[in-house]
Amino acid sequence: MILAAVCLAIAIFFVIGVPIAFAIGIGAWFYMLLADIPTVVLAQQVATASESWVLLAMPLFVLAGLLLNDTGIAQRLVDFAAALVGHLRGGLGMVNVLANMLFGGISGSAVADSAALGSILIPGMKRHGYPVPFAAALTSSAASIGIIIPPSLPMILFGAITGTSVGALFIGGIIPGILVGLTLMAVVAWLARRNDWKAGEPFSWCKLYLATKRAALGLGMPILLIGGILGGIFTPTEAAGVTVVYALVVATFVYRSLDLKAVYRTLVNAGVLTAVVMIIIATSFTFGWVMTHQQLPQHVAQWFLELALPAELLLLVVAAILLALGFIMHGDPMLLIVVPVVFPAAVALGIDPVHFGLLCVMTVAVGQQTPPVGSTLFVVSALTKLDIFTVSRANIPFILALTAITFLVLFFPQLTLWLPKLVGLR
10 MILAAVCLAI AIFFVIGVPI AFAIGIGAWF YMLLADIPTV VLAQQVATAS
60 ESWVLLAMPL FVLAGLLLND TGIAQRLVDF AAALVGHLRG GLGMVNVLAN
110 MLFGGISGSA VADSAALGSI LIPGMKRHGY PVPFAAALTS SAASIGIIIP
160 PSLPMILFGA ITGTSVGALF IGGIIPGILV GLTLMAVVAW LARRNDWKAG
210 EPFSWCKLYL ATKRAALGLG MPILLIGGIL GGIFTPTEAA GVTVVYALVV
260 ATFVYRSLDL KAVYRTLVNA GVLTAVVMII IATSFTFGWV MTHQQLPQHV
310 AQWFLELALP AELLLLVVAA ILLALGFIMH GDPMLLIVVP VVFPAAVALG
360 IDPVHFGLLC VMTVAVGQQT PPVGSTLFVV SALTKLDIFT VSRANIPFIL
410 ALTAITFLVL FFPQLTLWLP KLVGLR
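The opening residue of the sequence shown carries number 10 in this note's numbering; numbering runs sequentially from there.
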């Protein structure tokens with residue numbers, strides 16, 4: 010009864026526009042007052058959530074992405090993608106998807122991808138006659154690949170919540186991420202043929218060589234990351250530190266695009282972004298403790314076991330809940346609230362944690378495309394001066410494509426587990 014009252018209070022806070030972190034934190038404090046629990050527990054839980062070794066990777070990946078973004082690496086990756094697939098029908102659309110796949114291997118954030126690449130690709134697509142709503146919608150959807158292909162900040166968060174190997178999650182996301190990219194390209198090809206969009210410039214080996222040479226150091230970062238984890242050279246958290254050093258060396262000594270002032274500014278920006286995320290994580294972890302104190306996860310697991318429900322039904326229920334929450338909530342709070350409740354039930358039903366984690370992350374990726382709070386939608390809407398619902402209408406084919414791959418992963422767990430098993434991480 011107390012938990013229901015707290016959840017109702019949090020819902021009211023959401024409706025009246027209280028920031029997510031404060032709404033959840035006040036809800037947890039309200040529960041402790043009603044349950045006669047010392048409020049010092051609230052501070053203890055916030056501190057405990059912030060001390061996670063796994064979560065240390067998050068600010069480091071954010072910093073590495075910002076450092077490389079300041080080098081103009083986004084433009085180099087766009088040029089490489091254009092040289093590789095720009096000659097196809099609907100070429101700039103193909104370039105958009107491929108560039109987001111490549112940049113996703115650097116930033117780990119869909120919002121960062123949409124901001125960095127949208128400012129380059131959307132004006133270019135507009136100049137070549139593509140409808141602006143289409144360009145904005147494609148950029149928003151393609152940016153979602155950034156949290157599926159490693160590194161991925163939501164995967165790090167899921168690993169911190171559940172104790173699942175972040176390295177296994179990273180490797181497991183490769184095949185689904187590629188499938189999402191190929192599916193979005195297929196949708197672009199279909200729309201290009203339907204609307205008679207022309208192909209780009211003819212393919213040139215010389216252009217591809219020059220573009221590859223210019224983008225080589227940017228392309229090297231995901232190779233360093235995945236290769237180091239697979240080779241057992243470093244853990245994902247250590248990999249985040251290595252990528253920061255790599256990005257700093259490339260930005261400062263190779264491209265020479267950063268001076269001390271620029272490095273300081275980047276550090277401040279990374280700190281601000283990390284602080285925004287961490288306050289949400291800390292308060293949401295506290296609310297997770299509240300649900301555990303009420304034994305809600307145990308009750309959910311027991312309910313599924315007693316009813317002998319199939320594991321696929323639990324996955325469908327979780328996917329449906331996350332998709333619904335995507336309309337009213339950002340990705341990180343969704344994971345922090347839902348996963349602690351349903352994860353014990355998933356384990357009890359024999360669902361592999363890596364498969365479950367990647368399904369959650371992919372569902373969050375779909376949720377980032379739904380109004381009125383879709384984070385990447387806000388970014389591309391700001392870039393194009395279009396209202397969010399105009400972009401959303403153009404985004405429908407891409408949302409359907411993302412949803413289709415998500416359900417493919419739901420019913421075929423080997424899409425997420427084959428690579429981790431192949432390299433000995435499962």
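Backbone N, C-alpha and C fix where the C-beta goes; we use that ideal spot for every residue, glycine too.
Cβ of residue i within 8 Å of any heavy atom in the ligand PLP?
{"i": "isoleucine 408", "result": "Judged by which ligands are present, the structure shown has none, so any question about the ligand PLP falls away."}
Ends of the alpha helix (DSSP H) at residue i?
{"i": "lysine 222", "result": "214-239"}
{"i": "proline 353", "result": "340-357"}
{"i": "glycine 133", "result": "119-136"}
{"i": "serine 61", "result": "Unbroken run through serine 61: none, as it is neither H nor E."}
{"i": "glycine 113", "result": "100-116"}
{"i": "histidine 364", "result": "362-376"}
{"i": "valine 400", "result": "397-420"}
{"i": "proline 159", "result": "Per DSSP, proline 159 belongs to no alpha helix (DSSP H) and is neither H nor E."}
{"i": "phenylalanine 143", "result": "141-152"}
Can you look up residue i in the DSSP assignment and give me helix, strand or coil?
{"i": "arginine 274", "result": "helix"}
{"i": "alanine 44", "result": "coil"}
{"i": "arginine 265", "result": "coil"}
{"i": "alanine 208", "result": "strand"}
{"i": "threonine 385", "result": "helix"}
{"i": "leucine 257", "result": "helix"}
{"i": "threonine 244", "result": "coil"}
{"i": "threonine 80", "result": "coil"}
{"i": "valine 432", "result": "coil"}
{"i": "glycine 181", "result": "helix"}
Within the same chain, show all residues whose beta-carbon is closer than 7 Å to that of residue i, passing over the 5 residues directly before and after it, in chain order.
{"i": "serine 266", "result": "Asp79, Thr80, Gly81 and Ala260"}
{"i": "serine 149", "result": "Ser123, Gln378, Thr385, Leu386, Val389, Val400 and Asn404"}
{"i": "proline 429", "result": "Ala177, Ile180, Gly181, Val363 and Arg435"}
{"i": "alanine 18", "result": "Gly36 and Phe39"}
{"i": "alanine 310", "result": "Pro353, Ala354 and Ala357"}
{"i": "valine 50", "result": "Met41"}
{"i": "glycine 240", "result": "none"}
{"i": "histidine 302", "result": "none"}
Whose CA, out of the options, lies closest to the CA of residue i?
{"i": "valine 351", "options": "Ser384, Phe387 and Leu314", "result": "Leu314"}
{"i": "alanine 119", "options": "Ser161, Thr301 and Ala90", "result": "Ser161"}
{"i": "glutamate 247", "options": "Val189, Ile165 and Ile157", "result": "Ile165"}
{"i": "tryptophan 199", "options": "Val432, Thr412, Ala333 and Pro406", "result": "Pro406"}
{"i": "glycine 117", "options": "Phe70, His96 and Leu77", "result": "Phe70"}
{"i": "leucine 188", "options": "Val418, Val94 and Leu234", "result": "Val418"}
{"i": "isoleucine 158", "options": "Val175, Ser174 and Pro185", "result": "Pro185"}
{"i": "tryptophan 214", "options": "Thr425, Ala90, Phe398 and Pro163", "result": "Ala90"}
{"i": "alanine 52", "options": "Thr425, Ala410, His308 and Thr295", "result": "Thr295"}
{"i": "threonine 173", "options": "Leu228, Leu316 and Ile360", "result": "Ile360"}
Please report the distance separating the alpha-carbon of residue i from that of residue j.
{"i": "glycine 102", "j": "isoleucine 180", "result": "27 Å"}
{"i": "leucine 323", "j": "glycine 133", "result": "44 Å"}
{"i": "isoleucine 330", "j": "cysteine 369", "result": "10 Å"}
{"i": "alanine 328", "j": "valine 373", "result": "9 Å"}
{"i": "alanine 20", "j": "alanine 83", "result": "39 Å"}
{"i": "valine 272", "j": "alanine 144", "result": "32 Å"}
{"i": "isoleucine 115", "j": "alanine 44", "result": "45 Å"}
{"i": "arginine 402", "j": "valine 326", "result": "26 Å"}
{"i": "leucine 97", "j": "histidine 137", "result": "14 Å"}
{"i": "asparagine 105", "j": "leucine 147", "result": "7 Å"}
{"i": "alanine 284", "j": "tryptophan 62", "result": "16 Å"}
{"i": "glycine 26", "j": "methionine 194", "result": "37 Å"}
{"i": "valine 196", "j": "leucine 75", "result": "30 Å"}
Which same chain residues end up closer than 6 Å to residue i when comparing Cβ atoms and leaving out the 5 residues on each side of it in sequence?
{"i": "valine 87", "result": "Ala108 and Ile129"}
{"i": "valine 141", "result": "Lys135 and Thr393"}
{"i": "isoleucine 5", "result": "Only positions 10 to 435 of the chain appear in this structure, which leaves residue 5 out of reach."}
{"i": "phenylalanine 22", "result": "Ala32"}
Grab me the residues of residue i's own chain with a C-beta within less than 8 Å of its C-beta, minus the 5 sequence neighbours each way, in chain order.
{"i": "threonine 336", "result": "Going by the sequence as given, residue 336 is phenylalanine instead of threonine. So the list reads Gly376, Thr379, Pro380, Pro381 and Val382, once near-sequence residues are dropped."}
{"i": "alanine 225", "result": "none"}
So, is the C-beta of residue i closer than 9 Å to a C-beta in chain C?
{"i": "threonine 173", "result": "In the structure shown, chain C cannot be found, because there is only a single protein chain."}
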